[in-house]
Amino acid sequence: MLYKELVKVYQGLEATQKRLEKTYILAEFFKSIDEKEARDIAYLVQGKVFPDWQEAEIGVSSQLAIKAISKATGMNEEEIIKEWRKLGDLGKVTEEATKKRKQKTLFATKLTTEKVIENLRKASSLQGSGTIERKIALVAELITLAEPIEARYVVRTLLEELRIGVAEGTIRDAIVWACFGDKIGIKYNKEEGELELKEEQREEYNKYIELVQQAYDLANDFGIVLEAARKGENALKSINLEPGRPVKVELCLKVDSIKEAFESVGRPAKIELKYDGFRMLIHKTEKGKIILYTRRLDNITNQFPEVVDFVAKHVEGKSFILDAEAVGYDPKTKRYRPFQEISQRIKRKYEIEKMQKDLPVEVNIFDCLFYNGKSLIKEPLKERQKLLEKIIKPVKWKIKIAEGIITDKEEEAEKFYTEALKKGMEGIIMKNLNSHYQPGARVGTWVKFKPTQEPLDLVIVGAEWGTGKRSGWLSSFILACRHEDKFLEVGKVGTGVKEKSEGGVSFEELTKILKPLIIEQKGREVKIKPKVVVEVAYQEIQKSPTYSSGFALRFPRILRLRPEHGVFDIHTLTEIEQFYTNQFKKKKIK
Ligand code: AMP
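Residue numbers (the numbering used here): 4 to 593.
Structure follows, in structure tokens:
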């Protein structure tokens, strides 16, 4: 397809804030494309060239992009940076530079979506010497072929910052409109900006929304989902788990008492220790390959060779997907360690053997989603648990089944909870024994019960360059919570960050991580792409007109980085509103 066609869609999407309008534009586009284009188009409308579950990144930094823009347009680098500061968008800078470019090409070859995908995938796969030059050449080639407006989106795509405001939910709905809209009989009224949906159609509509959502939670790939949806309902339903392709994990709701927990999950319930480690999904493919993923779908197989070994030796089965928590322990004292102390293992790419010795982990398995060619997510939890007992040969400090009990009595649950805290656990997780496994969902069939007021997981969206002894470092970070697909500010924080890397988060470390994510700079203030999640403690939530969420945190303090959390895992505005209201309830009781 000509890239121009896609650019028209991008422009339409960028021009409206209305979600229904965006859905309509996308749905019409999805209807118009060829079968064989569906996969890649689904990635491109998300501003990506890979499906969500693939960890590959395009890997072009803004610095590198500037060099490529300069090469393709003849504009010098300083000038580009100056314009970038002014416009706050390298895409627009490139568009303007392309209009004025010194050597004008005749646009003999037109840019196609295939070419954009090809060059950006190539850029991502490059390794070894000469990588930078080759990446610059690939990007520069695209900009050279692009007309000005195309250049805007090429650059934004490669920086993974498309800015057209299309969230996962909009793509899902657009797939429903495009592929099942006629069948349901829905109509979008363009003038009114409304979806015409009769009462009797609503149920049918929701059914398809759920169907597409479920397919997406299993596949984590809108390419696969769009392709299947175009073939029809059966193709969509036949999307299944596949060992080797990561799946979104089921999540817990928070409860404030054991009574509330039972109300949510029913009696009797499975009660398990809530280990303070990190989620690990263990896949064994039909070919016998063992692959480990985090809950963010990152592949961490290379970082944990000993776990691969435990699984090979202690879990029976030709193919499977297991859900587990890996917990660190002290090899000398044989006590569990808090997550922060072992978190570095997740990203560590070197000295793996030393890491294994110094920071060993124990794998606690609590679920099985797929076994010997068959998906088990529609089986009740109690059946899946029975299977675990059969296939795992447990060995303490290596691999075992998560510790738990089944009870319908609050006293027993409370006793288990007190014991859990004594053992240094974060709390307990209670699960509905008859529930299906629901990938990606936080629906109350699993609930967590922990003792204290929870700190918040928030994302950094801005910062200020420090002065005096902090000059050269980013200090004072702006935090945001999530509201649907937007990030709303909830305050500023500088406390809790150490001066030097001496254990804990330091200004140096944060600056290193955040600098490549700067998207705009005005004076000392910078805007940062929302990617880095931090855990923040605070004394109180207050109402505040200063921040876009309407709330501010009193005495916020950064506790730690949350590299295992993605931006969609952070606390939402609704949760913050709830915490705000709960504060008063608690105060009254005192
Ligand atoms: P939170 O991160 O506070 O929302 O708590 C949910 C996390 O607890 C899950 O994502 C798991 O990583 C972790 N966890 C620890 N023990 C268990 C368990 N027995 N069952 C499920 N999740 C667990």
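Idealized CB from N, CA, C, for every residue including glycine.
Alpha carbon to alpha carbon, how far is R248 from K39?
One Cα belongs to R248, the other to K39, and the distance between them is close to 21 Å.
Complete runs of the alpha helix (DSSP H) confined to the region 480-535 [at least 4 residues]
Within the region 480-535, the complete alpha helix (DSSP H) runs of at least 4 residues are 510-517.
Opening and closing residue of the alpha helix (DSSP H) in which D55 lies:
For D55, there is no enclosing alpha helix (DSSP H), as DSSP gives it neither H nor E.
Taking all protein chains shown into account, decide if K589 is buried (16 or more other Cβ within 10 angstroms of its Cβ) or exposed.
A caution first: K589 carries a pLDDT of 48, below 50, which makes its placement in the model unreliable, though a value can still be read off. Exposed, by the Cβ-count rule.
Cβ atoms of R166 and R175: under 8 Å apart, would you say?
R175 places its beta carbon 8 Å or farther from that of R166.
Measure from the alpha carbon of K385 to the alpha carbon of each residue in R233, K434, Y541, then state which is nearest.
With distances taken between Cα atoms, K385 lies closest to K434.
beta-carbon V158 near the ligand MG non-hydrogen atom, thresh 7 Å
Of the ligands one can find in the structure shown, namely the ligand AMP, none is the ligand MG.
Integer-rounded CB distance, given that L517 should sit under 8 Å from M466:
Going by the sequence as given, residue 466 is Ala instead of Met. Contact between A466 and L517 holds, since their C-beta atoms are separated by about 6 Å, short of 8 Å.
Should C371 be listed as close to the ligand AMP, given that the test is whether its C-beta is under 7 Å from any heavy atom?
No, Cβ of C371 sits at least 7 Å from all heavy atoms of the ligand AMP.
In whole angstroms, give me the CA-to-CA distance for V218 and T116.
Residue identity differs from the one stated: residue 218 is Ala in this sequence, not Val. Looking at the two C-alpha atoms, the distance is approximately 26 Å.
Compute every distance between the C-beta of R387 and the non-hydrogen atoms of the ligand AMP, then say whether any falls below 7 Å.
False, no ligand heavy atom lies under 7 Å from that Cβ.
Along the chain, where does the beta strand (DSSP E) containing Q545 start, and where does it finish?
From DSSP, the beta strand (DSSP E) with Q545 extends over 543-546.
How big is the Cα-Cα spacing for I120 and S552?
Approximately 37 Å, taken between the alpha carbons.
Backbone CA spacing between A140 and K125 [nearest angstrom]
About 11 Å.
Assigned secondary structure, L93 (DSSP; H/G/I helix, E/B strand, else coil)
Note: L93 maps to helix in three-state DSSP.
Tell me the DSSP secondary structure of W476 in three-state form.
Coil at W476, not helix or strand.
Looking at the strands, I want to know which residues DSSP matches up with K434.
Partner(s): K273, W449.
If distances are taken between C-alpha atoms only, which option among L477, H317, F225, D488 comes closest to L520?
Among L477, H317, F225, D488, the Cα nearest to that of L520 belongs to L477.
CB-CB under 6 Å to L29, same chain, minus the five flanking residues each way: which ones, in chain order?
Excluding residues within five positions, the ones whose Cβ falls inside 6 Å are A177.
Please report how far the alpha carbon of T97 lies from the alpha carbon of E60, in whole angstroms.
Taking the CA atoms as reference points, T97 sits about 22 Å from E60.
Measuring only the C-alpha atoms, how far is K240 from I189?
In this structure, the alpha-carbon of K240 lies about 22 Å from that of I189.
Reference E80; option with closest CA among A68, L90, G91
E80 has its Cα closest to that of A68, out of A68, L90, G91.
Cβ-heavy atom distance between L276 and the ligand AMP below 7 Å?
Checking the Cβ of L276 against the ligand AMP gives yes.
Taking Cβ positions, are Q542 and R563 nearer each other than 8 Å?
Cβ distance not < 8 Å, so Q542 and R563 don't count as in contact.
According to DSSP, simplified to helix, strand and coil, what is T288?
T288: coil per DSSP, three-state reduction.
What is the DSSP secondary structure of E538, reduced to helix, strand or coil?
Secondary structure of E538 (DSSP, three-state): strand.
Closer than 7 Å to a non-hydrogen atom of the ligand AMP - does that hold for the CB of V252?
For the ligand AMP, at least one heavy atom lies less than 7 Å from the Cβ of V252.
To which residues does DSSP link I368 through a beta bridge?
BP columns for I368 point to A327, I404.
Examine the ligand AMP and report whether any of its heavy atoms sits within less than 7 Å of the Cβ of I432.
Under cutoff, so the answer is yes.
Using a Cβ-Cβ cut-off of 6 Å (strictly less than) and excluding sequence neighbours within five positions of Y156, which residues of its own chain qualify?
Same-chain partners within the cutoff: V10, Y13.
What residue does the alpha helix (DSSP H) around Y13 start on, and which one ends it?
Its alpha helix (DSSP H) spans residues 6-18.
Is T577 buried or exposed, if buried means 16 or more other CB atoms sit within 10 Å of its CB?
With fewer than 16 other beta carbons inside 10 angstroms of its own, T577 counts as exposed.
For the region 220-239 against the region 40-48, do three or more pairs of beta-carbon atoms, one drawn from each stretch, fall closer than 8 Å, so that the two count as touching?
The region 220-239, when compared against the region 40-48, does touch it at the 8 Å Cβ threshold.
Does at least one heavy atom of the ligand AMP sit under 7 Å from the Cβ of K451?
Remark: the C-beta of K451 is in contact range of the ligand AMP, defined as less than 7 Å to any heavy atom.
Determine the burial state of R298: buried for a count of at least 16 other Cβ atoms within 10 Å of its Cβ, exposed for fewer.
With 16 or more Cβ atoms within 10 Å of its Cβ, R298 is classed as buried.
Leaving aside the five residues before and after I394 along the sequence, list all residues of the same chain whose C-beta is less than 7 Å from its C-beta, in chain order.
Taken in chain order, the residues that qualify are V318, E319, G320.
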